[in-house]
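Read the structure below first, then the notes.
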Amino acid sequence: MQEIAPKRKFGQNFLTNQSVVERIVSTAGDLENKCIIEIGGGSGNLTKHLLKAKPKKLLVIEIDKDYIEILRETLKSESVETILISKDILRTDIFSYFSEPPVIFGNLPYNISTKILAKLLTTPNSKNKWEKLFLMFQLEVANRIVAKPNSKQYGRLSLFSQFYSYPSLEFQISKSSFFPTPKVESALVKFRSNNETCNEYNNVLFQDIIKKSFQGRRKMIKNTLKASYKNIVTIMEMCNIPENSRPENITLQQFCNLAEAIDKSRI
Ligand code: SAH
Numbered sequence: 190m191q192e193i194a195p196k197r198k199f200g201q202n203f204l205t206n207q208s209v210v211e212r213i214v215s216t217a218g219d220l221e222n223k224c225i226i227e228i229g230g231g232s233g234n235l236t237k238h239l240l241k242a243k244p245k246k247l248l249v250i251e252i253d254k255d256y257i258e259i260l261r262e263t264l265k266s267e268s269v270e271t272i273l274i275s276k277d278i279l280r281t282d283i284f285s286y287f288s289e290p291p292v293i294f295g296n297l298p299y300n301i302s303t304k305i306l307a308k309l310l311t312t313p314n315s316k317n318k319w320e321k322l323f324l325m326f327q328l329e330v331a332n333r334i335v336a337k338p339n340s341k342q343y344g345r346l347s348l349f350s351q352f353y354s355y356p357s358l359e360f361q362i363s364k365s366s367f368f369p370t371p372k373v374e375s376a377l378v379k380f381r382s383n384n385e386t387c388n389e390y391n392n393v394l395f396q397d398i399i400k401k402s403f404q405g406r407r408k409m410i411k412n413t414l415k416a417s418y419k420n421i422v423t424i425m426e427m428c429n430i431p432e433n434s435r436p437e438n439i440t441l442q443q444f445c446n447l448a449e450a451i452d453k454s455r456i
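The sequence shown begins at 190 in our numbering and counts up one residue at a time.
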């Protein structure tokens with residue numbers, strides 16, 4: 190069915206299993222009259238089904254010019270306002286096309302999936318920028334996104350994702366659902382927006398603390414952080430974080446408290 194050879198450099202693994210595509214769309218619930226964005230439309234497998242859901246507006250962004258004609262055909266619609274953008278998602282302000290928060294879908298190119306996620310989660314004023322995200326990742330990345338403390342997968346990506354959103358792993362997708370068949374399994378992750386944490390805390394400091402903490406994954410954080418932050422043991426005690434904690438033992442809330450306490454201690 191593919192007339193154009195899939196390109197590895199653009200992470201092209203097309204979702205060819207129709208029942209999986211349908212399941213992704215139905216996981217999102219009623220999309221009628223909603224605004225939708227699809228990242229990386231490719232050969233239009235998911236696009237077709239998104240259009241069928243009767244949204245008010247559907248924007249598709251695709252970097253590969255070879256697929257633009259196919260997508261233009263796919264997007265022909267009498268009742269839905271469609272927009273096709275032939276650009277790089279990482280360099281485009283997709284939100285400027287919407288006056289209400291869109292629901293975003295994407296079978297993401299795996300080589301840049303976490304970059305795309307970071308962009309969606311941290312777009313300036315990202316509060317209320319989007320309603321929900323339904324994104325496909327390699328299973329291993331999906332597991333890291335949703336991981337809880339005291340597990341091997343728990344790390345910067347988990348804390349970063351859970352700081353800005355509520356992610357949940359919806360279902361696993363077998364590699365045989367794609368063409369060409371990738372080496373690894375995939376999963377669909379749903380993100381609901383988390384308006385609570387992102388504006389309360391000093392984001393830059395929070396990012397710096399988790400980055401430094403996980404640079405010494407097996408070390409106690411009092412040792413990793415003492416070079417950057419004064420009185421770290423006292424501050425940890427104030428936050429009820431046991432002195433011998435390693436980064437994987439510390440919850441998101443505790444990292445937030447730590448960031449806040451360090452911030453205050455500098456004034
Ligand atoms: N949604 C389609 C294609 C998924 S493959 C399907 O499920 O069948 C990933 C798609 O993202 C490819 O079409 C690829 O060309 C596109 N893509 C890769 N990098 C991109 C970028 N930086 N910006 C926009 N699209 C990109």
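Yeah, the Cβ is synthetic: ideal placement off N, Cα and C, and Gly gets one too.
- Counting only residues of its own chain and dropping the five nearest sequence neighbours on each side, SER434 has a CB closer than 7 Å to the CB of MET409, ILE410.
- DSSP links TYR355 through a beta bridge to ARG381.
- Within the region 216 to 296, the runs of beta strand (DSSP E) that reach at least 3 residues and sit entirely inside it are, in chain order, 224 to 228, 246 to 250, 270 to 274, 292 to 296.
- In this structure the region 358 to 369 touches the region 209 to 216; the number of beta carbon pairs closer than 8 Å is three or more.
- ASP253 is classed as buried because its beta carbon has at least 16 other beta carbons within 10 Å across all chains shown.
- Under the 10 Å beta carbon count, ALA217 is surrounded by 16 or more other beta carbons and is classified as buried.
- By the Cβ neighbour-count rule, VAL292 is buried, with 16 or more other Cβ atoms within 10 Å of its own.
- Closest by C-alpha distance to LEU220, out of ASN392, ILE451, ILE334, VAL269, is VAL269.
- Beta-bridge partners of ILE362 (DSSP): SER375.
- In this structure, VAL378 and ALA307 do not form a Cβ contact; the two beta carbons are roughly 14 Å apart against a cut-off of 8 Å.
- Per the DSSP secondary-structure output, PHE326 pairs in a beta bridge with ALA376.
- Here LYS321 carries a strand assignment [DSSP, helix/strand/coil].
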